Structure formats: C-alpha cells, structure tokens
Amino acid sequence: MADNVKPRVKVPSKAKAGEVVALKTLISHPMESGQRKDKDGNLIPRSIINRFTCEFNGALVIDVTLEPSISTNPYIEFDAKVDATGEFKFTWYDDDGSVYEDKKSIEVA
Amino acid sequence: MMLRTRATTAAAVALALGFGPAMAEPADAELVVNEELTITTKAPAAAHLDGALSEVYSGWLFREDETRAMQMDDFDNPMFVYAEQGMDAWNTAEGSEGKSCADCHGAIEESMKGVRAVMPKVNAAGALWSMEDYVNSCRTERMGAEAWKWNSDQMKNMTTAISLQSRGMPVAVQIDGPAAEFWERGKEMYYTRFGQLEMSCASCHELNAGNYIRADHLSQGQINGFPLYRLKDAAPVSIHQRFVGCVRDTRAETFGAGSQEFRELELYVASRGLGLDIEGAGVRP
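For the protein sequence lines, the chains are U and G, in the order given. For what it's worth, the working numbering labels the leading residue of the first sequence as 13, then goes sequentially. For what it's worth, the working numbering labels the leading residue of the second sequence as 369, then goes sequentially.
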C-alpha cells in the first residue's frame with residue numbers, strides 16, 4: 013500500500029477550437045520497483061502505478077503502460093487537440109488495486 | 369628549481385593562450401517563476417566580500433537550460449510535492465499537547481513569511497539556530513512531540529514549506545551584533561582546508577567558481593536556493609546535507625548535519641549571498 017499518493021494535473025482553463033494544448037500530470041508515488049532489498053535482505057514487494065489514462069468527454073486521449081523502472085513521482089506531459097468545451101478525466105491505476113482520478117474542464121471559446 | 373620555473377612559465381603561457389581549465393560563464397538568464405515572480409539571481413557582492421568576489425550568482429545560473437526551466441514553473445518543480453506534504457504536517461496536530469503548528473502560528477503564508485531569509489539567527493538565549501532547531505524546539509517544548517532528525521523526510525518537507533513563504537525576498541541574515549562571533553568562526557571555517565585533498569570551501573566556490581571539477585560545473589556555493597531538489601537524489605536536500613557532501617568530497621571526516629560548526633558555516637555562507645533572493649525551493653542536478 014503506497015502512502016501519500018496524490019494526483020495533480022495542469023490543464024489550461026481556456027483554448028481556441030482545434031487548438032493543441034499541453035497537459036501536465038504528476039502523481040506522488042514511491043514507484044517501488046520490486047528489485048530492491050531491505051536491510052535484512054528481503055525483497056521489497058513491487059508497488060507501482062502500472063497504467064495511466066486520459067479521456068476527453070469520454071474519448072480516450074492517451075493510455076500508458078508504466079513499467080517498474082519508472083522513478084518516483086511519475087510526471088507525464090502530453091498534448092491534446094480540443095475541439096469543444098469539455099472535461100478531461102485522468103486516471104492512475106495502482107498495483108494495489110487503488111484507482112486515483114482527477115478531472116479538469118476546459119472552455120473552448 | 370630550474371624545472372619548476374620552466375613549468376610555471378609554461379603554465380602562464382598556456383593560460384594566456386586560453387588553454388586554462390575549462391571555463392563556462394554563468395548563464396545569461398533571468399529567473400521568473402510562473403511568469404510572474406522575478407527572483408534576483410545576480411547581484412553586486414556584499415561589502416564584507418570585498419577583495420573576494422565582485423558579483424554573486426545563484427547556483428541556478430550554473431545549471432543546464434532544462435534544469436533551470438524546472439524551477440520556473442511550480443508544476444514542473446518537484447519540490448512542490450514535498451512542500452505540500454510539509455503544509456499538511458503544518459496543519460496536523462501531534463504530540464501530547466494535541467497541537468499543530470497552525471494552532472499557534474496560524475496560516476503558514478502569513479506567519480512564516482520572511483523566516484527563511486533571516487536563517488540562521490541568534491535566538492533569545494544567545495545560541496545560533498538554524499530553521500531545523502526552531503522547528504524541533506516547537507515540537508519538543510510546545511507540542512510535546514518527538515524531535516525530527518535533521519535530514520528526515522518530515523523535517524525537509526517542513527523546511528521546504530516554510531522556505532517557500534520567503535520566495536523572492538532578499539537574503540537578510542544578521543552578521544553583526546550577537547551574530548558576529550558565530551559569523552567569524554564560520555568565515556574561518558570557509559577558508560580552512562580540510563581532508564586528504566586539503567580543500568577549503570573557497571578552493572572550489574571562490575577561486576574556481578565557473579570552472580569544471582570533472583563533470584561538475586562549480587557554482588559559488590550559494591545557499592539561497594535551499595532546501596532544494598537534487599535530480600541525482602530524486603529528493604530534497606538540506607543545507608547541512610550539502611555541507612556534509614562537500615566536506616566528504618575533500619576526503620575528510622565530516623561534521624554532522626546539525627553540528628555547531630555547520631550552523632556557523634551556514635551563517636557565513638548565507639551572508640555571502642546577501643543581495644540574492646531566497647528561491648524557496650530550487651532545482652539542481
């Protein structure tokens with residue numbers, strides 16, 4: 013079970029129709045690889061975010077598989093083209109079954 | 369003797385021809401955070417540095433474009449994850465008294481404004497204290513909680529949250545009056561050679577700032593950006609933690625984080641940054 017997991021996203025509040033906007037996402041997470049050992053030589057179990065998705069008004073924008081070598085607090089930045097006012101939904105899937113969500117709306121003028 | 373003279377002459381010629389150590393000027397850049405807050409990273413040196421330095425530069429100016437960019441946007445600056453955790457701790461009651469920092473101090477944005485800029489400082493009892501000492505005195509004496517270790521995650525989260533409230537304010541440490549004796553000792557330490565390599569702070573950060581030591585671009589060793597995020601550690605680093613690293617690199621037995629020696633050195637090094645602004649939470653490689 014990972015502690016202090018907190019998703020953050022940065023989305024511009026406004027855009028022009030058809031504009032490509034940069035979306036920045038960050039989730040605080042230890043991303044324990046499952047390769048490390050503790051002081052007593054026992055393997056520390058893997059605990060990572062294994063999947064990240066972003067949807068815009070229900071349509072998939074990006075779907076990312078994350079692997080154990082990705083470091084602490086994974087930061088993912090990508091672009092999306094927005095045609096209409098709507099809502100971005102960001103979802104992170106944890107190894108322990110937890111699902112973290114964040115939503116941000118964008119207004120198209 | 370003859371040989372030595374010749375070698376010296378050769379060295380002088382090489383320098384004159386520009387074959388000296390690799391030199392790279394600090395970046396010609398301005399630190400503007402979130403496109404609104406301009407932070408002074410270059411300033412004329414304080415009077416006490418007369419003869420040593422003419423201008424002081426933040427370590428930010430010695431870093432690569434990508435690293436500098438991370439500090440220009442709070443979302444890209446990894447320190448904000450830790451600052452947020454520090455803010456949460458600020459509002460969390462702990463210890464036998466059932467009090468949080470906020471119960472006495474109120475909002476961190478108000479009560480801690482400017483605190484980082486004057487640290488370390490001489491307390492009411494005449495001792496030189498760093499921010500960590502103030503945090504722990506509150507924890508043990510007013511909250512009835514356990515003291516945090518100097519370089520523990522909790523302590524660094526808290527000092528990050530507090531330091532951020534002074535972002536953009538000029539360094540304002542007091543070096544005269546009751547602080548004078550500590551400052552003098554810190555200065556002496558700065559110029560004292562330590563370790564098997566017999567290097568003082570000044571060997572790198574005064575005489576060779578701008579040069580490369582292997583792959584490292586030496587800065588002036590300013591601490592106005594601390595506590596800061598180091599990419600190689602993927603974690604925040606405190607001032608004393610960096611001091612330990614530097615002294616260790618001279619192959620010396622280092623002083624401990626939180627030692628009196630490092631408090632005094634912290635005061636002196638902070639005073640070398642008079643004229644610069646507190647960066648709140650820097651990002652370095």
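Note that CB positions come from ideal geometry on N, CA and C, so glycine has one too. Note that the structure is a prediction, hence the values are computed from the model and not measured.
Where residue i and residue j are concerned, what is the direct C-alpha to C-alpha distance, given to the nearest angstrom?
{"i": "Ser45/U", "j": "Val76/U", "result": "17 Å"}
{"i": "Asp645/G", "j": "Gln542/G", "result": "15 Å"}
{"i": "Pro595/G", "j": "Ser422/G", "result": "25 Å"}
{"i": "Thr97/U", "j": "Gly474/G", "result": "40 Å"}
{"i": "Arg58/U", "j": "Ala603/G", "result": "20 Å"}
{"i": "Trp551/G", "j": "Arg431/G", "result": "29 Å"}
{"i": "Lys22/U", "j": "Phe100/U", "result": "11 Å"}
{"i": "Lys93/U", "j": "Ala29/U", "result": "9 Å"}
{"i": "Gly53/U", "j": "Ile60/U", "result": "21 Å"}
{"i": "Ile74/U", "j": "Asp91/U", "result": "10 Å"}
{"i": "Asp444/G", "j": "Lys600/G", "result": "16 Å"}
{"i": "Thr408/G", "j": "Tyr112/U", "result": "39 Å"}
{"i": "Leu532/G", "j": "Cys469/G", "result": "16 Å"}
{"i": "Tyr502/G", "j": "Glu462/G", "result": "16 Å"}
{"i": "Trp518/G", "j": "Arg507/G", "result": "13 Å"}
{"i": "Gly482/G", "j": "Asp50/U", "result": "41 Å"}
{"i": "Ser505/G", "j": "Glu514/G", "result": "10 Å"}
{"i": "Ala397/G", "j": "Pro86/U", "result": "28 Å"}
{"i": "Pro19/U", "j": "Gln47/U", "result": "25 Å"}
{"i": "Gln439/G", "j": "Ala649/G", "result": "8 Å"}
{"i": "Ala570/G", "j": "Ser83/U", "result": "35 Å"}
{"i": "Glu31/U", "j": "Ala437/G", "result": "24 Å"}
{"i": "Asp456/G", "j": "Asp15/U", "result": "14 Å"}
{"i": "Leu496/G", "j": "Ile607/G", "result": "15 Å"}
Where does residue i land, buried or exposed, given buried means 16+ other C-beta within 10 angstroms?
{"i": "Pro351/G", "result": "Nothing about residue 351/G can be reported from this structure: the residues present for chain G run from 369 to 653 only."}
{"i": "Ser426/G", "result": "buried"}
{"i": "Ala657/G", "result": "In the structure displayed, chain G extends from 369 to 653; residue 657/G sits before or after that span and is not available."}
{"i": "Val605/G", "result": "buried"}
{"i": "Val615/G", "result": "buried"}
{"i": "Lys555/G", "result": "buried"}
{"i": "Glu655/G", "result": "Beyond the ends of chain G as shown, which are 369 and 653, falls residue 655/G; an answer cannot be given."}
{"i": "Ala451/G", "result": "buried"}
{"i": "Gly593/G", "result": "buried"}
{"i": "Leu575/G", "result": "exposed"}
{"i": "Ser40/U", "result": "buried"}
{"i": "Gln564/G", "result": "exposed"}
{"i": "Pro24/U", "result": "exposed"}
{"i": "Gln628/G", "result": "exposed"}
{"i": "Ala638/G", "result": "buried"}
{"i": "Glu500/G", "result": "buried"}
{"i": "Tyr580/G", "result": "exposed"}
{"i": "Leu72/U", "result": "exposed"}
Within its chain, find whatever has a CB closer than 7 Å to the CB of residue i; leave out the 5 residues flanking it on each side and keep chain order.
{"i": "Ala577/G", "result": "Leu586, Ser587 and Gln588"}
{"i": "Val424/G", "result": "Ala411, Ala413, Gln588, Gln590, Arg640, Gly641, Gly643 and Leu644"}
{"i": "Ala485/G", "result": "Ser534, Met537, Pro538, Val539, Ala540 and Ile646"}
{"i": "Glu465/G", "result": "Arg510, Met511 and Gly512"}
{"i": "Val612/G", "result": "Thr622 and Ala625"}
{"i": "Ser498/G", "result": "Met487, Pro488, Arg631 and Glu634"}
Should residue i be counted as a contact of the ligand SAH given a C-beta to heavy atom distance under 7 Å?
{"i": "Ile581/G", "result": "Here there are no bound small molecules, and the ligand SAH is not part of this structure."}
Between residue i and the rest of its own chain, which residues show a CB-CB distance below 6 Å, the 5 nearest in sequence each way excluded?
{"i": "Glu119/U", "result": "Lys26 and Thr97"}
{"i": "Gly454/G", "result": "Asn525, Met526, Thr528 and Ala529"}
{"i": "Ser568/G", "result": "Tyr559, Thr560 and Arg561"}
{"i": "Lys115/U", "result": "Glu99 and Lys101"}
{"i": "Glu89/U", "result": "Lys36"}
Might you give, ordered along the chain, the residues of its own chain that have their beta carbon closer than 8 Å to the beta carbon of residue i, omitting 5 neighbours on each side?
{"i": "His573/G", "result": "Leu586, Ser587, Gln588 and Gly589"}
{"i": "Asp442/G", "result": "Val401, Asn402 and Phe448"}
{"i": "Pro653/G", "result": "Arg431, Glu432, Thr435, Arg598, Leu599 and Lys600"}
Quiz item: So, do the segment 523-537 of chain G and the segment 620-627 of chain G have three or more beta carbon pairs nearer to each other than 8 Å?
Solution: no
Practice problem: Evaluate the contact criterion for the segment 99-108 of chain U versus the segment 57-66 of chain U: three or more CB pairs, one atom per stretch, below 8 Å. | Solution: yes
Exercise. Run through the segment 454-508 of chain G for me and flag every whole alpha helix (DSSP H) of 4 or more residues, listed as ranges in chain order.
Key: 469-473, 476-479 and 499-505
Quiz item: Residue ranges of each beta strand (DSSP E) run of no fewer than 3 residues wholly in the segment 573-598 of chain G, ordered along the chain?
Solution: 596-598
Practice problem: Please go through the segment 420-453 of chain G and give each complete alpha helix (DSSP H) segment of 4 or more residues, from N-terminal end onward. | Solution: 433-438
Quiz item: At which residue ranges does the segment 23-52 of chain U contain complete beta strand (DSSP E) runs of 3 or more residues, listed in the order of the chain?
Solution: 31-40
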